[in-house]
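One structure below.
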Amino acid sequence: MSRVLVVEDEAHLAQGLRFNLEAEGYSAEVAGDGESATDRLLKEKEDFDAVVLDIMLPGKDGFSVVSELRAARNYVPVLMLTARGRPEDVLKGFASGADDYLAKPFDLSILLARLQGLLRRNQWMHDQAAGNQAPGATHSAAAVGDFDTFTFAGKTIDFGMLELHFKDTTIHLTLMEAELLRHLVRNDGRVVSRKQILEEVWGLHEDTDTRAIDNFVVRLRRYIEDDPANPQHLLTVRGVGYQFLANPEKK
Numbered sequence: 003m004s005r006v007l008v009v010e011d012e013a014h015l016a017q018g019l020r021f022n023l024e025a026e027g028y029s030a031e032v033a034g035d036g037e038s039a040t041d042r043l044l045k046e047k048e049d050f051d052a053v054v055l056d057i058m059l060p061g062k063d064g065f066s067v068v069s070e071l072r073a074a075r076n077y078v079p080v081l082m083l084t085a086r087g088r089p090e091d092v093l094k095g096f097a098s099g100a101d102d103y104l105a106k107p108f109d110l111s112i113l114l115a116r117l118q119g120l121l122r123r124n125q126w127m128h129d130q131a132a133g134n135q136a137p138g139a140t141h142s143a144a145a146v147g148d149f150d151t152f153t154f155a156g157k158t159i160d161f162g163m164l165e166l167h168f169k170d171t172t173i174h175l176t177l178m179e180a181e182l183l184r185h186l187v188r189n190d191g192r193v194v195s196r197k198q199i200l201e202e203v204w205g206l207h208e209d210t211d212t213r214a215i216d217n218f219v220v221r222l223r224r225y226i227e228d229d230p231a232n233p234q235h236l237l238t239v240r241g242v243g244y245q246f247l248a249n250p251e252k253k
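Pasting the structure below:
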């Protein structure tokens with residue numbers, strides 16, 4: 003039975019979610035504020051399979067909660083609840099390390115589907131780490147398509163485990179960082195517009211402020227470039243978007 007922590011300060015909504023989750027076979031518990039949530043997850047180290055996290059909480063907000071979890075290397079799947087699905091909240095949530103989002107008011111069936119997706123993915127990652135599942139396809143820079151890992155310039159991106167490996171270093175990626183990298187790598191050599199990224203990677207409308215994408219790219223360059231100030235693999239195409247080059251010498 004999967005154990006879910008609902009972090010929501012509106013008591014009627016929190017108890018309603020708890021009731022419905024339990025009716026679906028989950029073990030559900032409630033925290034009414036961000037401090038209680040981080041205490042249970044980090045100080046008391048309670049083991050939850052997923053967290054349903056509201057952004058607007060008294061005191062410590064949802065962004066701070068998920069940021070603290072990721073900084074402490076706690077990668078429990080987080081489904082963030084946003085007020086009216088504001089794009090700035092969604093992007094800030096992804097930047098903090100949230101795995102998915104759902105706008106209030108939401109349909110219960112959609113929340114359950116999103117939650118089930120996160121739990122399935124988390125179980126797959128655990129199985130893969132334990133060696134209980136055959137490894138997925140691995141591709142080099144010469145073969146780009148659907149893949150679980152991708153290797154270029156001495157670096158390997160493990161999209162399933164959300165990790166970037168090079169030399170003796172491992173960098174943990176957020177889900178959205180990994181998905182943006184996957185999209186760019188899949189389009190190796192092609193220019194990808196900001197509009198494409200917003201719609202195809204994050205499911206947002208094209209009128210969203212694109213500065214958040216630029217901030218994500220700055221972070222990705224720190225991960226994959228030897229000299230982030232002089233990028234060779236992740237290039238800016240002024241006025242359009244970005245271009246990933248696995249083999250820049252072949253440009």
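If you read the sequence shown in my numbering, its first letter stands for residue 3, the second for the next number, and so on. Here a beta-carbon is modelled for each residue, glycine too, at the ideal position from N, C-alpha and C.
Under a three-way DSSP split, which group does residue i fall into?
i, result
"F168", "strand"
"F50", "coil"
"Y28", "coil"
"R75", "coil"
"L81", "strand"
"K62", "coil"
Below 8 Å on the Cβ atoms is my contact criterion, and I expect residue i with residue j to pass it. Report the Cβ-Cβ distance as a whole number of Å.
i, j, result
"V8", "A16", "5 Å"
"G243", "Q198", "7 Å"
"L200", "A180", "Rounded, the Cβ-Cβ distance is 17 Å, inconsistent with contact."
Excluding five sequence neighbours on each side, which residues of the same chain lie with their C-beta closer than 6 Å to the C-beta of residue i?
i, result
"Y103", "M82, T84, V92, G95"
"F59", "According to the sequence displayed, residue 59 carries Leu and not Phe. Within the same chain, L59 has close Cβ partners D11, D35, G36."
Could you give the first and the last residue of the continuous alpha helix (DSSP H) run that contains residue i?
i, result
"R188", "177 to 188"
"A39", "36 to 40"
With respect to the beta strand (DSSP E) encompassing residue i, which residues constitute its N-terminal and C-terminal limits?
i, result
"V220", "Unbroken run through V220 is the alpha helix (DSSP H), 213 to 226; no beta strand (DSSP E)."
"L237", "236 to 239"
"V193", "193 to 195"
"V9", "5 to 9"
"F246", "243 to 246"
"D160", "157 to 160"
Would you say residue i touches the ligand FMN, meaning its beta carbon is less than 8 Å from a heavy atom?
i, result
"E90", "Questions concerning the ligand FMN fall outside what the structure shown contains, since it holds no ligand whatsoever."
Looking only at its own chain, which residues have a Cβ that is under 7 Å from the Cβ of residue i, when we skip the five neighbours before and after it?
i, result
"N22", "L110"
"L120", "A52, P79, L81, D101, D102"
"E251", "none"
"T238", "Y244"
Once you ignore the five residues that flank residue i on each side, which residues in its own chain have a CB closer than 8 Å to its CB?
i, result
"G61", "D35, G36, E37"
By DSSP's criteria, residue i is part of a beta bridge. Which residues make up the other side?
i, result
"D91", "DSSP, once it has assigned bridges, lists no residue as partnering D91."
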